[in-house]
């Protein structure tokens with residue numbers, strides 16, 4: 518059984534460019550979460566999907582961020598017009614269900630905006 | 167929202183020593199997980215432990231849900247145990263189910 522995978526692992530981009538990250542959850546996991554982690558902090562929740570439906574977004578997710586999960590399988594997170602403050606590790610997690618189910622994390626995508 | 171506090175923030179050990187990491191949370195939870203973040207940033211699942219005690223090799227964890235804390239024990243530490251340890255919870259009744267993380271304990275094990 519493969520774990521959660523993310524692509525790319527590293528991304529360096531110039532301010533103002535758009536970037537897109539991909540997450541492939543563990544198969545049969547219907548919950549998929551995106552988190553962001555900045556240096557010295559714990560991960561913070563961005564958004565989550567139940568199958569293909571995006572059910573919640575945190576206030577951290579500005580209008581420049583958009584996420585999709587077509588057909589309830591993989592998910593993409595796009596950041597438009599990147600800013601230096603977007604530099605962070607973006608983590609994806611999946612679980613079988615809500616709340617009481619264990620979440621499993623991917624290796625993350627480290628974004629650097631120059 | 168629910169608050170998660172971890173202590174100590176930093177811990178330096180000599181190889182072979184034992185340690186205890188603590189996680190306090192401010193409200194009832196229906197999920198509590200301990201993670202080890204390796205130097206490459208990967209979060210490794212250590213324990214899913216909303217209550218009770220579990221052991222896995224040199225690591226064990228105890229959560230006392232009624233008193234709102236969890237402890238992670240590392241025995242006979244090795245240099246490979248170095249990294250950041252995170253406690254994360256899902257508040258009871260949290261509709262999103264997202265984990266709320268503490269700030270972590272940074273562990274350095276010296277040879």
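Chains as they are written, first to last, in our numbering: chain A, 518 to 631; chain B, 167 to 277.
Virtual Cβ for every residue (Gly too), placed ideally from N, Cα, C.
Fair warning: this is a prediction, and the values are worked out from it, not measured in the lab.
At the C-beta level, residue 214 of chain B and residue 203 of chain B stay beyond 7 Å of one another. Residue 615 of chain A belongs to the set of residues whose beta carbon lies under 7 Å from a beta carbon in chain B. In this structure, DSSP gives residue 193 of chain B a state outside helix and strand, which the three-state scheme calls coil.
Here the C-alpha atom of residue 587 of chain A lies approximately 6 Å from the C-alpha atom of residue 569 of chain A. For the stretch 199 to 222 of chain B, the set of residues with a beta-carbon nearer than 9 Å to any beta-carbon of chain A comprises 199, 201, 203, 206, 207, 208, 209, 210, 211, 214 and 216, in chain order. Minimum Cα-Cα distance from residue 521 of chain A among the listed residues A:561, A:627, A:611 and A:628 corresponds to A:611. With the criterion set as a beta carbon lying under 7 Å from some beta carbon of chain B, the stretch 588 to 600 of chain A has no members that meet it. Inclusion of residue 179 of chain B and residue 236 of chain B in the CB contact set at 7 Å is not warranted, their separation being larger than that value. Below the 8 Å Cβ cutoff, chain A contributes no neighbours of residue 249 of chain B, its closest Cβ being approximately 13 Å away.
Interface residue (Cβ-Cβ distance to chain A less than 7 Å): residue 262 of chain B is classified as such.
Under a criterion of Cβ atoms nearer than 8 Å, the residues of chain B adjacent to residue 624 of chain A are, in order, 206, 207 and 208.
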